[in-house]
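Worksheet: one structure, shown below.
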Amino acid sequence: MTGQSDRIAHPWGARTPFASGTRWPERTDVQLEAGIDSHDVDRWVTSACVLCSNGCGLDIAVKDDRIVGVRGRAADRVNHGRLGPKGLFGWQANNAGDRLTRPLVRRGGELHETSWDDAMGRVVERSRALLDEKGGSAIGFYTSGQLFLEEYYTLAVLGKAGLGTPHMDGNTRLCTATAAQALKESFGSDGQPGSYEDVDEADAFFLVGHNIAETQTVLWSRMLDRLDGPKRPRLVVVDPRPTMPAREADVHLAIRNGTNLALMNGIIHEVIANDWIDHDYVDAHTVGFEQVERVVQEYTPERVGEICGVDPSAIREAARIVGAADRLVSTALQGVYQSWQATATACQLNNLHLVRGMLGAPGRAVFQMNGQPTAQNTRETGADGDLPGFRNWDNEDHVRELAELWNVDMAVIPHWAPPTHAMQIWRYAEQGSIRLLWISGTNPAVSLPELHRIRSVLERDDLFVVVQDAFPTETAAYADVVLPVALWGEKTGTFTNADRTVHLSERAVPPPGDARSDLEIFLDYADRMGFTDRNGQPLVNWSDPESAFEAWKTCSRGRPCDYSALSYERLRDRNGIQWPCDDRTPEGRPRLYSDGHFYTAADRCEAFGHDLVTGGAVTEQEYRAADPAGRAILKAVHYRAPAEEPSDEYPLRFTTGRTVYHFHTRTKTGRARQLQAAAPEAWIEMTPGDAGRYGIAEGDLVRVESRRGAMEARARLLGLAEGVVFAPFHYGSYGTPNGTATAANELTVTEWDPVSKQPHFKVAAVRVQRVDGPENPS
Amino acid sequence: MLLAHYLGLVHRSEGELADAYREVARRHADEPDVYGTCRLLAEQCDSHVSTLAPFVERYGETEQDDPQDLHRDLFDEPRDGSLGFLRDLHDLYLMANEADISWTVIAQAAQGARDEALLEAVRTCEADTAAQLKWLKTRIKQSAPQTLLVADR
Numbered sequence: 003m004t005g006q007s008d009r010i011a012h013p014w015g016a017r018t019p020f021a022s023g024t025r026w027p028e029r030t031d032v033q034l035e036a037g038i039d040s041h042d043v044d045r046w047v048t049s050a051c052v053l054c055s056n057g058c059g060l061d062i063a064v065k066d067d068r069i070v071g072v073r074g075r076a077a078d079r080v081n082h083g084r085l086g087p088k089g090l091f092g093w094q095a096n097n098a099g100d101r102l103t104r105p106l107v108r109r110g111g112e113l114h115e116t117s118w119d120d121a122m123g124r125v126v127e128r129s130r131a132l133l134d135e136k137g138g139s140a141i142g143f144y145t146s147g148q149l150f151l152e153e154y155y156t157l158a159v160l161g162k163a164g165l166g167t168p169h170m171d172g173n174t175r176l177c178t179a180t181a182a183q184a185l186k187e188s189f190g191s192d193g194q195p196g197s198y199e200d201v202d203e204a205d206a207f208f209l210v211g212h213n214i215a216e217t218q219t220v221l222w223s224r225m226l227d228r229l230d231g232p233k234r235p236r237l238v239v240v241d242p243r244p245t246m247p248a249r250e251a252d253v254h255l256a257i258r259n260g261t262n263l264a265l266m267n268g269i270i271h272e273v274i275a276n277d278w279i280d281h282d283y284v285d286a287h288t289v290g291f292e293q294v295e296r297v298v299q300e301y302t303p304e305r306v307g308e309i310c311g312v313d314p315s316a317i318r319e320a321a322r323i324v325g326a327a328d329r330l331v332s333t334a335l336q337g338v339y340q341s342w343q344a345t346a347t348a349c350q351l352n353n354l355h356l357v358r359g360m361l362g363a364p365g366r367a368v369f370q371m372n373g374q375p376t377a378q379n380t381r382e383t384g385a386d387g388d389l390p391g392f393r394n395w396d397n398e399d400h401v402r403e404l405a406e407l408w409n410v411d412m413a414v415i416p417h418w419a420p421p422t423h424a425m426q427i428w429r430y431a432e433q434g435s436i437r438l439l440w441i442s443g444t445n446p447a448v449s450l451p452e453l454h455r456i457r458s459v460l461e462r463d464d465l466f467v468v469v470q471d472a473f474p475t476e477t478a479a480y481a482d483v484v485l486p487v488a489l490w491g492e493k494t495g496t497f498t499n500a501d502r503t504v505h506l507s508e509r510a511v512p513p514p515g516d517a518r519s520d521l522e523i524f525l526d527y528a529d530r531m532g533f534t535d536r537n538g539q540p541l542v543n544w545s546d547p548e549s550a551f552e553a554w555k556t557c558s559r560g561r562p563c564d565y566s567a568l569s570y571e572r573l574r575d576r577n578g579i580q581w582p583c584d585d586r587t588p589e590g591r592p593r594l595y596s597d598g599h600f601y602t603a604a605d606r607c608e609a610f611g612h613d614l615v616t617g618g619a620v621t622e623q624e625y626r627a628a629d630p631a632g633r634a635i636l637k638a639v640h641y642r643a644p645a646e647e648p649s650d651e652y653p654l655r656f657t658t659g660r661t662v663y664h665f666h667t668r669t670k671t672g673r674a675r676q677l678q679a680a681a682p683e684a685w686i687e688m689t690p691g692d693a694g695r696y697g698i699a700e701g702d703l704v705r706v707e708s709r710r711g712a713m714e715a716r717a718r719l720l721g722l723a724e725g726v727v728f729a730p731f732h733y734g735s736y737g738t739p740n741g742t743a744t745a746a747n748e749l750t751v752t753e754w755d756p757v758s759k760q761p762h763f764k765v766a767a768v769r770v771q772r773v774d775g776p777e778n779p780s
Numbered sequence: 022m023l024l025a026h027y028l029g030l031v032h033r034s035e036g037e038l039a040d041a042y043r044e045v046a047r048r049h050a051d052e053p054d055v056y057g058t059c060r061l062l063a064e065q066c067d068s069h070v071s072t073l074a075p076f077v078e079r080y081g082e083t084e085q086d087d088p089q090d091l092h093r094d095l096f097d098e099p100r101d102g103s104l105g106f107l108r109d110l111h112d113l114y115l116m117a118n119e120a121d122i123s124w125t126v127i128a129q130a131a132q133g134a135r136d137e138a139l140l141e142a143v144r145t146c147e148a149d150t151a152a153q154l155k156w157l158k159t160r161i162k163q164s165a166p167q168t169l170l171v172a173d174r
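See below:
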């Protein structure tokens, strides 16, 4: 057992080095409430962690119907017993004193407690009125990456086939939209090609814009254990900040934020120039190589070094490592996805693996990572801007399958354009054409860009705001109706991590007060709205988590994300099985595309693809005319300078990110004592050189301003890329003294990637100003 | 040789399309994707104008006196709201189509004249215009139902 202070000071815990090809040693991490030891625990309930996309298997400790701790599951394929600090301490949020326990409705400008019947009645009354007056397109849903699969699927069905609204997306738009999009553009469908076991076999790691040590602590522990073991793999890190992985790296490319694509074009340039190409693989399994070759031609290390602000010889060395590796594992996350030219960059990382034939075999994998624990399920079930089961909204046959499955008229299911992405949903609300916005399990008043704008939308008189949450968040303050929900550990359901591993999470304790699961709320809404199929039978014909899961299995059958051979019973027997899991591979499949055959055939693919510059959609006819028919698609475009570049007025580059101690807007982690104490307030990072120019010293209070807003926080002086200012995005007003604006998103820009529609949280121009000296220790 | 006439036509219409993209970006700056993309596409049109410059010089540009209805309509009255936004995208689509067919015409002539350099220049511009049309159509398809069925203005 590892002491709690240890795991705050040492988030990755003790090392257990291992060699390539051997099994990652087990290490069981346990955390129990003070004064309780294992003997006091009444029962251990099977679950997995919901505080990042890694999905570590764990058991929840229960005493007297209260959660009192967690224990990593040594047998789980994801974590071999380990838990990160968020997992070890985050469960305490369930027991927080300020949980929402009763529905609230706004009367006379204030939120008042009420009954479920009254609260749901109001939501239904407004929904019906809007349906009659305007149709389903006046209603929008903004959900999460933190509900369970069964909840998302129910939401997707009631939204798409009940209300018939195209306006449904998750906050996954902020975290994994680019991952999904890049997988579709390159491989024809969403779905992570690799498996975490590939870390055990790799001889090189390439981390692009992925501070894995803080976002996925346990996966980083796995890499660290390889780095500390025999035959150390090489490590290349691309990040403007001196992160923990950057400090461990053989080559750290501290590029200017906003220049990822130039760098990736440069890496591919070197790989081609040195002929580190698997020509047989390229010939047999890809299309588009010549186009990529043409684009990258001009990206010499010298030119790229100039754009990115790094030494050309470092680019050469990085390219040599990834180009010469025999078993390469690459990962990307928000440094790519929330930055400039996100999808094009992520595709170029896929291209690296395609041209090198580094896919579908042990130690050869590209991970387009997820941020949130259940983001994968939002994507699979179509609770985001997709159709369920990775179906293609632009393929009539796919839409017809859904219509038959749900027994509804095909015309009911919106498929005249892609489902509306989150940023556009907010825009429609801002314009007044969406009149009911139902927000579940997320906190947009802190997490979306340009917060003054988001607040002004939430304040609109003509917008009816429903907030479904466990806590009185910054967003709930704007709600017309607040629906209190059960958290993880208080309900049963499944979720899927970033390497396609499905876990069942069982209800360990009852929810507080009158709180209900998100599933119960959606089922109640569907029932009250009277959604029916063509035979007049209930559209949503399931009643609990297990029957919802069974309905989803049918929907997923034959699709890339096939769950058909999974069941609650099987997951109770062995938790943590990877999809696709069908009759042919009932134990799940560790890797996709092992045979070099991709989901790109026109009849099968999830999307016909896009122009990576503008996001213009390729039409079905165009796609069919050059049907890749199972070959992967290589595509590349040129780097362009970000729209908002530094100027005399705003001379510095701003980027946002994460700390290991917090998740998202701290709704849970801010209520876990040790985590909140470890990172109680926002800070900003800048280089000593930049700080010196503005008379700023370590610990000074600094005001950071963009064209859109300002924040204040204390300065940490670090060796980031010159001219770059960083702030963590977690800090809204919760737990913030004296109302100082500490949210990084006050500064960020309302702008998004043309293809994935993911907002640009990591490119803005700012200026800084010293406000005050260091805090008086008294 | 009448090729000069067509070169003059497309040379001018690309310049006007660039102006139109900038105008739409300015008018609808509240649509962030449109603002960014239209400014990018304006730059593309600028580059087409400079790509054509040496050929215009070689073949001699003819003064155009055709009335440019599309352009005039677009700039006639500023439009706002969802409907104005949709109408503006619609007009951009028509203007880009005018460029598109002009590239076809000139490419045909360039082949007849065995002018490889002109053909290559036109092919490059034509591909950009095709991508512009693709984006405009994608964006129009997205906005149309919300604008025509749900929005009040």
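Chains as they are written, first to last, in this note's numbering: chain A, 3 to 780; chain B, 22 to 174.
Note that beta-carbon positions come from the ideal geometry of N, C-alpha and C, so glycine has one too.
### Query
Skipping 5 residues on each side, what residues in its chain have a beta carbon closer than 7 Å to that of residue 68/A?
97 and 511
### Task
Quick one: measure Cβ to Cβ for residue 177/A and residue 374/A, integer angstroms, because I've assumed they're closer than 8 Å.
About 5 Å separates the beta carbons of residue 177/A and residue 374/A, which is inside the 8 Å limit, making them a contact pair.
### Message
Please return the same chain residues whose Cβ sits closer than 7 Å to the Cβ of residue 150/B, not counting the five positions on each side in sequence.
### Response
117, 120, 121 and 124
### Message
Pop quiz: residue 636/A and residue 706/A are said to be a contact at Cβ under 8 Å. What is the actual Cβ separation, rounded to whole angstroms?
### Response
Residue 636/A to residue 706/A, Cβ: 40 Å. No contact.
### Task
Indicate the three-state DSSP secondary structure (helix, strand or coil) for residue 334/A in the structure shown.
strand
### Task
Would you kindly report the start and end of the unbroken alpha helix (DSSP H) that includes residue 454/A?
453-460
### Query
Are any of the Cβ atoms in chain B nearer than 9 Å to that of residue 753/A?
Chain B has a Cβ within less than 9 Å of the Cβ of residue 753/A.
### Task
Provide the residue(s) that pair with residue 144/A in DSSP beta bridges, ordered along the chain.
171/A and 441/A
### Message
For residue 795/A and residue 480/A, which I take to be in contact (beta-carbon distance under 8 Å), what is that distance rounded to the nearest angstrom?
### Response
What the structure shows of chain A is the stretch from 3 to 780, and residue 795/A is not part of that stretch, so it cannot be assessed.
#### Entry: Sub-9 Å separation of residue 229/A and residue 383/A beta-carbons
Not a contact, by the Cβ cut-off of 9 Å.
### Message
Please list, in chain order, the residues of the segment 685-717 of chain A that have any C-beta partner in chain B closer than 8 Å.
### Response
none
### Task
Using alpha carbons as the reference points, say which of 760/A, 715/A and 401/A lies closest to residue 746/A.
715/A
### Separation of residue 40/B from residue 32/B, as counted between CA atoms
13 Å
### Query
Roughly how many angstroms lie between the CA atoms of residue 55/B and residue 708/A, to the nearest whole one?
21 Å
### Message
Just list the residues that DSSP pairs residue 729/A with in beta bridges.
### Response
658/A
### Query
Checking contacts by CB at 9 Å: is residue 429/A closer than that to chain B?
yes
### Query
What does DSSP give as the partner residues of residue 279/A in its beta bridges?
DSSP lists no partner for residue 279/A.
### Task
Answer with buried or exposed for residue 547/A, where buried requires no fewer than 16 other C-beta atoms within 10 angstroms of its C-beta.
Buried, by the Cβ-count rule.
### Query
In or out: residue 38/A buried (at least 16 other Cβ within 10 Å) or exposed?
Classified as exposed, residue 38/A has fewer than 16 neighbouring CB atoms from the shown chains inside 10 Å of its CB.
### Task
Kindly give me the distance between the Cβ atoms of residue 763/A and residue 658/A, rounded to whole angstroms, as I take these residues to be in contact under 8 Å.
5 Å
### Query
So which of 262/A, 162/A, 743/A and 8/A has the shortest CA-CA distance to residue 389/A?
162/A
### Query
Hey, how far is the Cα of residue 109/A from the Cα of residue 733/A?
29 Å
### Task
At 9 Å on the CB atoms, spell out the chain B contacts of residue 171/A, in chain order.
By Cβ distance, chain B contributes nothing, its closest Cβ being about 13 Å from residue 171/A, past 9 Å.
### Task
Over the uninterrupted alpha helix (DSSP H) stretch that includes residue 89/A, give me the two end residues.
Residues 87-91.
### Task
Kindly list, in the order they appear in chain B, the residues whose Cβ is closer than 9 Å to that of residue 619/A.
155, 156, 158, 159 and 162
### Query
Using a beta-carbon distance below 9 Å, is residue 727/A in contact with chain B?
no
#### Entry: residue 710/A versus 169/A, 452/A and 583/A, residue with shortest Cα-Cα distance
452/A
### C-beta atoms of residue 485/A and residue 121/A nearer than 9 Å
yes
### Query
To which residues of the same chain is residue 755/A closer than 6 Å at the C-beta, ignoring the five residues directly before and after it?
344 and 345
#### Entry: Reduced DSSP category for residue 26/B - H, G, I as helix; E, B as strand; rest coil
helix
### Message
In whole angstroms, give me the CA-to-CA distance for residue 410/A and residue 418/A.
### Response
17 Å
### Task
Compute the distance between the beta-carbons of residue 28/B and residue 106/B, then report whether it is under 9 Å.
no
#### Entry: Neighbour-count burial assignment, residue 49/B, 16 or more Cβ in a 10 Å radius
buried
### Cut-off 6 Å between Cβ atoms - residues of its own chain near residue 688/A, not counting five sequence neighbours on either side
Counting only Cβ-Cβ distances below 6 Å, and skipping sequence neighbours, we find 727.
### Message
In the DSSP output, what is residue 685/A paired with across the bridge?
### Response
716/A
### Task
For residue 436/A, name the three-state secondary structure that DSSP assigns.
coil
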